[in-house]
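As numbered in the numbering used here, residues 13 to 129 make up the sequence shown, in order. For every residue, glycine included, the Cβ atom is placed at its ideal position computed from N, Cα and C. Just so we're clear, the structure is a prediction, and the values are computed from it rather than from any experiment. To start, the structure under review is shown below, and the notes come after it.
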Amino acid sequence: MIGDNNRSESSPPPIYAAEWSELRVVRRNVFLTILAGIIAIGAKYVADPGLHVTLPSALLALVWAAFWARAYNRYVQWPCPRCGKPWQLKPFWRGLMGPSHAVPRDSCSHCHLPINS
Ligand SMILES: [Zn+2]
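Encoded structure:
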């Protein structure tokens with residue numbers, strides 16, 4: 013039968029479905045914050061070409077930085093639903109090798125729980 017949607021009925025829903033939904037929201041917020049920053053820089057350049065720093069643009073940059081820092085901190089500190097440790101952050105001795113915590117992970121860096129399980 014074409015368009016049969018029995019696939020969702022045959023496979024059980026993920027144990028941590030609510031947590032994975034929250035992780036998608038956290039990741040989306042980081043992306044949208046970065047996108048908003050790019051759009052704001054573009055709009056500022058269109059309105060005032062050049063590298064002039066004005067009070068409104070400086071205030072806008074500070075507000076954006078606060079939103080980005082909050083979203084990014086929530087992203088890297090988001091707790092694994094199984095072990096409770098930060099999903100993105102590797103253990104200290106392995107996290108020293110560059111900005112690896114910024115790349116979205118498919119599994120927990122501590123207990124290796126795969127995403128969407
Ligand atoms: Zn874990």
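In this structure the stretch 115-123 does not lie against the stretch 49-69, because fewer than three pairs of beta carbons, one per stretch, are closer than 8 Å.
Looking from the CA of Gly49, the closest CA among Gly96, Ala73 and Pro126 belongs to Ala73.
Between ligand 1 and His113, a heavy atom-to-CB distance of less than 7 Å is absent.
Beta bridge pairing from DSSP links Pro91 with Pro98. Separation of the CB atoms of Pro25 and Asn128 is rounded to 10 Å, and the pair is thereby denied contact status at 8 Å. In the DSSP assignment, Ser33 falls within the unbroken alpha helix (DSSP H) covering Ala29 to Ala59.
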